[in-house]
Structures are given as structure tokens and as C-alpha cells.
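S.K.: Take a look at the following structure, please.
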Amino acid sequence: MRSGPSLDLAGPPPAGTPVPPPIARRAGHDPVELVWRNELGGVTARIDRAGGAVYAKWSPAGTESLAAEEQRMRWLATASSVPVPRVLGLHRDAGGELLETAAIAASSIVSAAGLRDPEAAAAALGEGLRRLHATDARTCPFPAPDWTASAPVDDPVVCHGDPCAPNTLIADGRFAGLVDLGRVGVGDRWSDLAIASWSLAWNGLGDAEPAFWAAYGAAPDPERIRRWRALWEPPELD
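Per my numbering, the sequence shown starts with residue 1024, numbered consecutively.
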């Protein structure tokens, strides 16, 4: 999900948000918990099944396709050392698309569990990007993330494309995986680093930013950070 300091574009659904019918149909009688709603009206839910929890991500017709995320998760599962959700299926109908993935036994670093140890949470964000960026970019079949496509690439790596803190998972105080992978592609290393480090402040982890840089193994580059953040920042509303 795109997010930023100026606009509240995405977040946990408010109490009482109805379960989208496509998710309800996939869940049957199994318990459903809505965990995220994006700026396009898409909803992600956790379904607790007897054989293990799954996540169902629904995108309404007319918004971005989930096929890009499915393809990238399948590729990362074999090409990278980064843990990513296992794809269970992509379902389409006239109302939209629904992507099902197996749950990773972990929590977002901005969950209550993650926020208990800000230093560990920030370090998990840095480690996740370090491992993703170590993937051989020459083997990546996906282009630069859409929001970066018009900018020159000085330091090409496999980028997340939406590296905000909620998209990193943590378990037992350590990095455990990445999610929301629909924009993965070859781009500039600093496009990820600039936004990931910025997102710590939006999520109550700003004081722990040094742990992010230490875990990644780089020092902040103010000019590169400024340039990439200027591209990400949503325009102010009139």
C-alpha cells in the first residue's frame, strides 16, 4: 500500500467494516478477521482454517490487478533468500480478484508485538531490505516500481517498491518476511532506503532509525534520500 505523511491512504479497517462477499465465500464457516484496507478499496483478511491460517487479499474490479503480486511472490520464492508468503491461488470474477496466500508465523513490525521493541522492529526493516537487495538483479524479470520509473537509476538492485514499515514481518524479535510485493522490480537502492527509513517516523518508530541503517549496513545519504522522498510524497490536497 502506498502511504505517506500527508495523506492517510491505508490502514486497518474501522470496526464494523463488512467482509467483502468474495472473501466471505472463500472463508465459508471459518473465522475471518479484516486486517487492512487500502486506498483503492481493496481489503485483506486473515482466515483461520483448520489446516493453517491464510490471507485473502481482495481487489475490486477496475483497480490494480493482483496478478503482478502473484507473479512476484512466485519468483521471489525461488530467486531470493527473503521469506515471502506462499501463493495458494488467484481467483477472478466480475467483481474483482482475490489472492490467497499461506500465513507466515509472524507479525508486522508496526503491530503491538512489533512496537514493543522499536530497535528490533527497525532492524528487521533494514535486514529485510538488505536481503532483498542482495538478490541477483540480473535475473529479475520485473521493471522498476511505477513511482520510480521516470527517475534515473544510479545503483540498481531488486527493489520492494513499497518498503513502508507495515510490509515487514517480525517474529521473536527478528526479521521474518516481506509482504505487499506487487511493485517488486529492478530499481534504485535508495528509492527503497529513503522511503523505508521515512516510514519509521510515520509509524511511531522514528527514534529507532539508527538501528535500521545499522542492520542494512549503510549510512544515510541526505541528497539521495531527499530526491526519492520528493517523488513519493503525495501532493497536498486543496
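Idealized CB from N, CA, C, for every residue including glycine.
With 16 as the cutoff for other CB atoms within 10 Å, does residue 1124 come out buried or exposed?
M.R.: Answer is buried; the Cβ neighbour count reaches 16.
S.K.: If you draw a straight line from the alpha carbon of residue 1130 to that of residue 1147, how long is it in whole angstroms?
M.R.: Those two C-alpha atoms are separated by around 11 Å.
S.K.: Whole-angstrom Cβ separation of residue 1141 and residue 1231, contact assumed at under 8 Å?
M.R.: Indeed, because the Cβ distance is near 4 Å, the residues count as touching under 8 Å.
S.K.: Let me confirm a value: residue 1246 is counted as buried when at least 16 other C-beta atoms fall within 10 Å, else exposed. Which label applies?
M.R.: Exposed, because fewer than 16 other Cβ atoms sit within 10 Å of the Cβ of residue 1246.
S.K.: Put residue 1131 into one of helix, strand or coil per three-state DSSP.
M.R.: DSSP places residue 1131 in strand when its eight states are reduced to three.
S.K.: Identify, in the order they occur along the chain, each residue of the same chain with its Cβ nearer than 7 Å to the Cβ of residue 1150, setting aside the five sequence neighbours on each side.
M.R.: Once the five neighbours on either side are set aside, the close Cβ partners of residue 1150 are 1198, 1238.
S.K.: How big is the Cα-Cα spacing for residue 1062 and residue 1240?
M.R.: Near 33 Å, if we compare the C-alpha coordinates of residue 1240 and residue 1062.
S.K.: Is it buried or exposed, residue 1119, if we count other Cβ atoms within 10 angstroms and call 16 or more buried?
M.R.: Counting Cβ neighbours within 10 Å, residue 1119 comes out buried, since at least 16 surround it.
S.K.: Which stretch, first to last residue, makes up the alpha helix (DSSP H) that contains residue 1146?
M.R.: Note, residue 1146: alpha helix (DSSP H), 1141–1156.
S.K.: Grouping DSSP H, G and I as helix and E and B as strand, with all else coil, what is residue 1189?
M.R.: If DSSP states are grouped into helix, strand and coil, residue 1189 belongs with the helices.
S.K.: Look at residue 1045 and residue 1081 and say whether their C-beta atoms are less than 8 Å apart.
M.R.: Yes, Cβ-Cβ distance for residue 1045 and residue 1081 is below 8 Å.
S.K.: Could you name the residues of the same chain whose beta carbon sits closer than 6 Å to that of residue 1261, not counting the 5 residues immediately before and after it, in chain order?
M.R.: With a pLDDT of 36 at residue 1261, under the threshold of 50, the modelled position of that residue is not reliable, and the figure given next carries that caveat. Correct list: empty, nothing qualifies.
S.K.: Rounded C-beta distance between residue 1128 and residue 1228? I'm assuming under 8 Å.
M.R.: Rounded, the Cβ-Cβ distance is 22 Å, inconsistent with contact.
S.K.: Can we say the stretch 1211–1230 touches the stretch 1173–1188, given the rule of at least three CB pairs closer than 8 Å?
M.R.: Flag = yes, the stretch 1211–1230 and the stretch 1173–1188 touch.
S.K.: What is the DSSP secondary structure of residue 1029, counted as helix, strand or coil?
M.R.: Its pLDDT being 43, under 50, residue 1029 is placed unreliably by the model, and the measurement read from it follows with that caveat. Reduced to three states, the DSSP call for residue 1029 is coil.
S.K.: Helix, strand or coil for residue 1048, going by three-state DSSP, please let me know.
M.R.: It is helical.
S.K.: Do you know offhand how far residue 1060's Cα is from residue 1102's?
M.R.: Their backbone Cα atoms lie some 29 Å apart in a straight line.
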